[in-house]
Every structure is written in C-alpha cells, then in structure tokens.
Amino acid sequence: MILSIESSCDDSSIAVTEIGTRRLIYHKKISQELEHARYGGVVPELASRLHVEALPKILQECQPYFSTLKAVAVTNEPGLSVTLVEGVMMAKALAIALKIPLIGVHHLKGHIYSLFIEKATQFPLTVLLVSGGHTQVMEVESLHKIETVARTMDDSFGESFDKVAKMMHLGYPGGPLVEALAQQGNALRYPFTVPLHQSPQIAFSYSGLKNAVRLAVEAGSECDYADIAASFQRVATAHLLQKLKKYFKKRPPQRFAIVGGASANCYLR
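The following block contains the structure:
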C-alpha cells in the first residue's frame, strides 16, 4: 500500500491505496473553505496554519496501515509554497521513520493520473486541464511524456469564476456559486466579447472578460447578477471551446479528456 498526502492549496487530504488493485483503502479530506470564505479567497498563511492543525489529525487515523506501507507520496509542485511545505515535511518525516521511499508528485500530472484510477491507461491522449490555478491543453504520450501545448496567458478558467463571485459578493469557492446563479439568468443579455476570438494563437486569456464583467457589475444592481453570471459563464466556456476546435483542426485527438476541479462545471460538460 501507498500513503499519499496533498496540501497544495486549501484542502488537507491523505489517502491510503492498495497498489496492485488501485483500491482506495482510506481517504479523508479536511476542507478550509469556510475559513477562507470570509476573505473571498485563499489566504496562504492561514491555509498553512490550518494544514499544521489538520494533517497530523488525519495521519493519526492512518497508523493501523503504517506496517503495510511500501512508500509515501506527496504533492510537491505546483501550488502555494507555504502549504506545499507542510505536506512535504510530514511526508519526509514519515518516510524516514518507516524507512520507505518518498515519491514527489507533480500536482498537474496528478490530475491526469486520476483518469486511470478506475480505467486502464490509453495513449495518446489530449487533455484539457481547467482548475482554480491552471488552464492548459496537454498532449499525453505516456505517463512520463507530457507536453503542454497551450496555456492561459493570465487568469485561469476556475480563477475567473472565483473573481467574478467576489465581485458579486457571492462567497468562496466561487465556481459552484456562479454556476448556480447563472442557471437563473439570461445568458444572452450581456454580449461580452469572447477573448482572443480573432487571434490564430492557441492560448487562453480571461483578464479582459473579467474586466468586462466588473464594469457590468458596477453599472448594474444585484437584480442583474444572474444575467451577468450566465453571460459570463457562456463566454468563458465559448472561449475554451473555440480554442480547442482550432487546435483540433491542426491536430485531431485520438482521445480527449477534461480534468481539474473546474471540470465539475455542468455547463462546460
């Protein structure tokens, strides 16, 4: 079995997995959403302190599995440096104490690997990663050969939802809140411009759209928020799809997958 630790942002999470069968033996996540909601987003120093409190409590519950562990895995990049270090230090200490290997896991590769938890690996694979920190397209030739072919030039897809939610004082995390509000609105009321729609470049950008939404929020009132949210979500998603279609014309995918926290957005799906 292998014990895995995740602390790249505002979730303290530990899992124990049976290597041969990929069966999840134990998993617990302690979320910090309520603590960060009052600030409208993640406060790195607060997140770090909360990891210090939460991770040891979860690890304590994993003690019965220590004797059967073959390795310890931990997210070591990318993420918030002050939160990553808490998970890495705990993982190092545990690996040393149990005299077993320590495996560093790249956060973004972890998103891709999640596709194969319950299904056999199939390559090549084109992946769209949409999360709170990243928006990029990757060509996956194997588990160890991954090429990023397009990325955001500023804000990520998920980050733009969080910032729009903050403009409207909806709370944090913003993605589900904006999506829920958008279901009540008219997505065609605000003709926001699709970012980079005339550019041949395969890249993403959300800063301009975010600014357009800010102006609409400032000019309107709360009764307009549902329409603004719906219009924003429509254009934010259209931007993704336009760039994907352009890329697919150049390089048709054999297989395609979407990963990352923001992939939970039902409108995008």
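Heads up: the sequence shown begins at 153 in the working numbering, then just goes up one per residue.
Don't be surprised by glycine CBs; every beta carbon is placed ideally from N, CA and C.
Here the structure is a predicted model, which is why all the values come from computation and not from measurement.
Against chain B, with Cβ distances strictly below 8 Å, would GLU331 count as a contact?
As a matter of chain content, chain B is missing from the structure shown, which is built from one protein chain.
Tell me the residue span of the alpha helix (DSSP H) that contains ALA378.
Locating residue 378 in the sequence shown gives position 226, where the first residue counts as 1. Here the alpha helix (DSSP H) through ALA378 covers 377-402.
Judging by CA-CA distance, which residue of SER383, ILE171, ILE177 is the nearest neighbour of VAL316?
Reading the sequence shown from its first residue, position 164 is the one you call residue 316. It is SER383 whose Cα lies nearest to the Cα of VAL316.
Determine the closest residue to SER266 out of ALA416, TYR419, CYS418, VAL411, with distance taken between C-alpha atoms.
Locating residue 266 in the sequence shown gives position 114, where the first residue counts as 1. Nearest option by C-alpha distance: VAL411.
Could you say which of GLU291, PRO253, ALA243, PRO276 lies nearest to LEU260 if we only look at CA atoms?
Within the sequence shown, residue 260 is the residue found at index 108, counting from 1. The alpha carbon of LEU260 has as its nearest neighbour, out of GLU291, PRO253, ALA243, PRO276, the alpha carbon of GLU291.
Can you determine whether any heavy atom of the ligand NAP sits closer than 7 Å to the C-beta of SER233, and answer yes or no?
Absence of the ligand NAP from the depicted structure is noted, as is the absence of any ligand whatsoever, leaving it without description.
Since PHE309 contacts GLY326 with CB under 8 Å, what's their CB separation in whole angstroms?
For the purposes of this step, residue 309 is identified with residue 157 of the sequence shown, where counting begins at 1. For the purposes of this step, residue 326 is identified with residue 174 of the sequence shown, where counting begins at 1. PHE309 to GLY326, Cβ: 12 Å. No contact.
Could you give the DSSP three-state label for ARG366: helix, strand or coil?
Looking up residue 366 in the sequence shown gives position 214. Reduced to three states, the DSSP call for ARG366 is helix.
Going by the beta-carbon positions, is the gap between SER351 and MET305 smaller than 8 Å?
Position 199 of the sequence shown holds residue 351. Position 153 of the sequence shown holds residue 305. No, the Cβ-Cβ distance between SER351 and MET305 is not below 8 Å.
Could you tell me the distance, in whole angstroms, from the CA atom of CYS214 to the CA atom of TYR178?
Translated into the one-based positions of the sequence shown, residue 214 becomes position 62. Translated into the one-based positions of the sequence shown, residue 178 becomes position 26. Cα to Cα, the separation comes out at about 8 Å.
For THR389, which residues in the same chain have their Cβ closer than 8 Å to its Cβ, ignoring the five residues on either side in sequence?
Residue numbering aside, residue 389 sits at position 237 when the sequence shown is read from its first letter. Excluding positions up to five away in sequence, the list reads ASN417, TYR419, LEU420.
Considering only DSSP beta bridges, list what LEU176 is partnered with.
Start at 1 with the first residue of the sequence shown, and residue 176 comes out as number 24. For LEU176, DSSP records a beta bridge to THR169.
Look at the Cβ atom of ALA225, then the Cβ atom of ILE154, and state whether they are nearer than 8 Å.
In the sequence shown, residue 225 corresponds to position 73, counting from 1. In the sequence shown, residue 154 corresponds to position 2, counting from 1. Yes. Within cutoff.
Using the Cα positions of GLY360 and GLU311, report the straight-line distance between them to the nearest angstrom.
Walking along the sequence shown from the start, residue 360 turns up at place 208. Walking along the sequence shown from the start, residue 311 turns up at place 159. Their backbone Cα atoms lie some 13 Å apart in a straight line.
Taking the alpha carbon of ASP376 as the reference point, which residue from ARG341, ALA364, ALA355, VAL237 has its own alpha carbon closest?
As a position in the sequence shown, residue 376 is number 224, starting the count at 1. Of the candidates ARG341, ALA364, ALA355, VAL237, the one whose C-alpha sits nearest the C-alpha of ASP376 is ARG341.
Would you decide whether PRO347 is buried or exposed? Buried here means 16 or more other CB atoms lie within 10 Å of its CB.
Taking the sequence shown and counting its residues from 1, one reaches residue 347 at position 195. Buried.
So if DSSP puts GLN335 in a beta bridge, which residue, or which two residues, is it bridged to?
Locating residue 335 in the sequence shown gives position 183, counting from the first residue. Beta-bridge pairing links GLN335 to no other residue.
Report yes or no: do the stretch 202-214 and the stretch 236-245 share at least 3 C-beta pairs separated by less than 8 Å?
yes
Between the C-alpha atoms of ILE248 and GLY323, what's the straight-line distance to the nearest angstrom?
Translated into the one-based positions of the sequence shown, residue 248 becomes position 96. Translated into the one-based positions of the sequence shown, residue 323 becomes position 171. The straight-line gap from Cα to Cα measures roughly 41 Å.
For LYS397 and GLY193, which I take to be in contact (beta-carbon distance under 8 Å), what is that distance rounded to the nearest angstrom?
One-based indexing of the sequence shown puts residue 397 at position 245. One-based indexing of the sequence shown puts residue 193 at position 41. So it is not a contact: roughly 32 Å between Cβ atoms.
Does the Cβ of ALA368 have 16 or more other Cβ atoms within 10 Å, making it buried, or fewer, making it exposed?
For this step, residue 368 is matched to residue 216 along the sequence shown. Result: buried.
From the DSSP output, in three-state form, read off ILE248 for me.
As a working note, residue 248 is residue 96 in the sequence shown. If DSSP states are grouped into helix, strand and coil, ILE248 belongs with the helices.
Whole-angstrom Cβ separation of SER165 and LYS181, contact assumed at under 8 Å?
As a first step, residue 165 must be located in the sequence shown, where it is residue number 13. As a first step, residue 181 must be located in the sequence shown, where it is residue number 29. SER165 to LYS181, Cβ: 4 Å. Contact.
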